[in-house]
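So the structure is just underneath, and the comments pick up after that.
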Amino acid sequence: MLKKSFFGFTKPWIHYDPINKKPQIPITVTPSETVTYFLNRCFTSRANLLLKIGAPVKAGEKLMLCEGDDTYIISTVSGTVSDISPYIGEYGKNQTAITLSCSPEKISDTAFADSAGDQTLETVKNFLCTIPGGSVFECLGNDEKPVQTIIVCGMDSDLMVATRQHVINTRLDAVTSGIAILKQISGVQDVRIAVCKDFVQGYGHIGAKIQFVDTVYPSALPKLAVRQITGKTVPAGNSCEDLGICLISAETVAALADAFETGTIPSEKLLTLIKKDGTRQLVSAPIGTPIRDILAAFNLSLQDKDRIVKGGPMTGFALYSEDHPVEPDTDAILIQDGATIPLYSDYPCINCGECVRVCPARIQVNMLVRFLEARQYQEGADLYDLHSCVDCGLCTAVCVSRIPISQYIQLAKHELAQSQAVEAENG
């Protein structure tokens, strides 16, 4: 496998669109009837479950499947358990869907409040692994891959998304407090904030070094941002954590501060709703809120062939149901008009070279996709740098033949990871 560095574009093409300096006020949406949470644990049987259908649940309560299981989700509402069932997530990921019927009266669990005075990594891992923004706390305190640098991501990685930028723009005090807590619980003193150029200035001491990221997409994607900020290149097939670098959302850092300050676990997820006409609206909704409730709050209706995307236009995942809930890492929801969605096909590559020209990793995408279409994943990885791909989606965006290149690449990475996991398990 070739080890390639990330050098950026041959020429600028798409730029990030910074949010207006005057902060937009998020619209609050509350779930109408139910909330659903995805637990990263395979559901096998209803026998020996800690949760039972009809059981009451308090807001802030830890929901776990079995005794002794350290995988949990925090309830964001009060209610009763109405369903527990297996759920197949992205690329066949086995999860468990837990659905609650919401109660009009909010009753809060006090377990975290009793522990909030103890600002330790253990407390964070016991209660705050599902706070808004998405958690990476499991990488902290890992002796095998010790973290040396923490990068607080204040710039959204995908286009049209304004969630992290809004947090930095309006909640820098909370981010500052969260950084102090991060330093205390992890022992890591090298903390940096990644923001768009000229976005943050004149804020004084915040406990971290502010570093600017280029405004040309996809500069804010993790591996590219790491290279700009630290000067280190993440080798193909490796993660940022392999280099001792932990990236964490600014929203997560602010939520961490809120949790210890109030003694309650934050439940409101901030996200960018991108409507069919391209206009954006910031939304605040409890984790678990069905997307249909958000659409209803803005009188948005879906027609045949319309598409719901979790994330932005370049790196988001299409969802098959408006019942899909808001998750801790849902930074954006994009609604695409079916009449404007370009069709994808199995038309063969014409070797126009556009994908190669825009690729920030300088991969010969036109050759790689031929192997992936034939399901020769290992050959593609060995010959044409599959694992150097940073998943920016630019190749798909410019493809003249309308080949879903990004999806082929993501599937190939998944299949190879599955094969390697089976080989490691079998020795």
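Numbering (the numbering used here), first residue to last: 10 to 436. Note that CB positions come from ideal geometry on N, CA and C, so glycine has one too. Remember, it's a predicted structure, so these values are computed and weren't measured experimentally.
Assumed close pair residue i, residue j - CB separation to whole angstroms, cut-off 8 Å
i: residue 340; j: residue 165; result: 7 Å
i: residue 393; j: residue 376; result: 5 Å
i: residue 143; j: residue 258; result: 6 Å
i: residue 159; j: residue 137; result: That belief does not hold up - the Cβ atoms of residue 159 and residue 137 are roughly 16 Å apart, past 8 Å.
i: residue 229; j: residue 323; result: Not confirmed; about 11 Å, so no contact.
i: residue 94; j: residue 62; result: Contact flag wrong, Cβ pair sits at about 10 Å.
i: residue 75; j: residue 57; result: 6 Å
i: residue 399; j: residue 232; result: 5 Å
i: residue 202; j: residue 161; result: 5 Å
Residue i burial status per 10 Å Cβ neighbour count (16 or more: buried)
i: residue 4; result: In the structure as shown, the chain begins at 10 and stops at 436. Residue 4 is therefore absent and cannot be evaluated.
i: residue 163; result: buried
i: residue 428; result: exposed
i: residue 108; result: buried
i: residue 12; result: With a pLDDT of only 39 at residue 12, under the threshold of 50, the placement of this residue in the model should not be trusted; the figure read from the coordinates follows. Exposed.
i: residue 439; result: This structure gives no information on residue 439, because the portion of the chain shown stretches from 10 to 436.
i: residue 198; result: exposed
i: residue 175; result: buried
i: residue 172; result: buried
i: residue 129; result: exposed
i: residue 227; result: buried
i: residue 396; result: buried
i: residue 59; result: exposed
i: residue 251; result: exposed
i: residue 349; result: exposed
i: residue 88; result: buried
Spatial distance of residue i from residue j (CA atoms)
i: residue 353; j: residue 359; result: 15 Å
i: residue 410; j: residue 287; result: 25 Å
i: residue 306; j: residue 38; result: 7 Å
i: residue 367; j: residue 79; result: 43 Å
i: residue 85; j: residue 77; result: 22 Å
i: residue 401; j: residue 33; result: 27 Å
i: residue 318; j: residue 373; result: 28 Å
i: residue 19; j: residue 28; result: For residue 19, the predicted structure reports a pLDDT of 43, less than 50, and the residue's modelled location is therefore unreliable. The matter cannot be settled from this model.
i: residue 434; j: residue 222; result: 40 Å
i: residue 179; j: residue 238; result: 23 Å
i: residue 432; j: residue 388; result: 17 Å
i: residue 234; j: residue 114; result: 44 Å
i: residue 47; j: residue 217; result: 33 Å
i: residue 99; j: residue 423; result: 10 Å
i: residue 253; j: residue 151; result: 10 Å
i: residue 336; j: residue 277; result: 10 Å
i: residue 119; j: residue 146; result: 22 Å
i: residue 81; j: residue 365; result: 43 Å
i: residue 181; j: residue 413; result: 39 Å
i: residue 320; j: residue 291; result: 13 Å
Residue i: CB within 7 Å of a non-hydrogen atom of the ligand PLP
i: residue 193; result: In terms of ligand content, the structure shown is empty, and the ligand PLP therefore cannot be addressed.
How do the stretch 234–245 and the stretch 41–61 stand: do at least 3 beta-carbon pairs fall below 8 Å, yes or no?
no
Along the chain, which unbroken stretches of the beta strand (DSSP E) at least 3 residues long are found entirely within the stretch 320–379?
326–328, 341–345
So, does the stretch 152–164 touch the stretch 326–341, judging by three or more C-beta pairs under 8 Å?
no
Would you check if there are 3 or more beta carbon pairs closer than 8 Å linking the stretch 117–132 to the stretch 253–269?
yes
Examine the Cβ distances between the stretch 335–351 and the stretch 360–368 and report whether three or more of them are shorter than 8 Å.
no
Decide yes or no for the touch test of the stretch 181–196 against the stretch 293–313: beta carbon pairs closer than 8 Å, at least 3 of them.
no
Report the start-end ranges of each beta strand (DSSP E) in the stretch 195–237 that is 3 residues or longer and not cut off at the edges.
199–205, 218–222
Which runs of the beta strand (DSSP E), 3 residues or longer, sit entirely within the stretch 15–79?
43–48
Which runs of the beta strand (DSSP E) spanning at least 3 residues fall entirely within the stretch 380–431, listed in chain order?
none
What are the complete beta strand (DSSP E) segments, minimum 3 residues, inside the stretch 257–305?
277–283, 289–295
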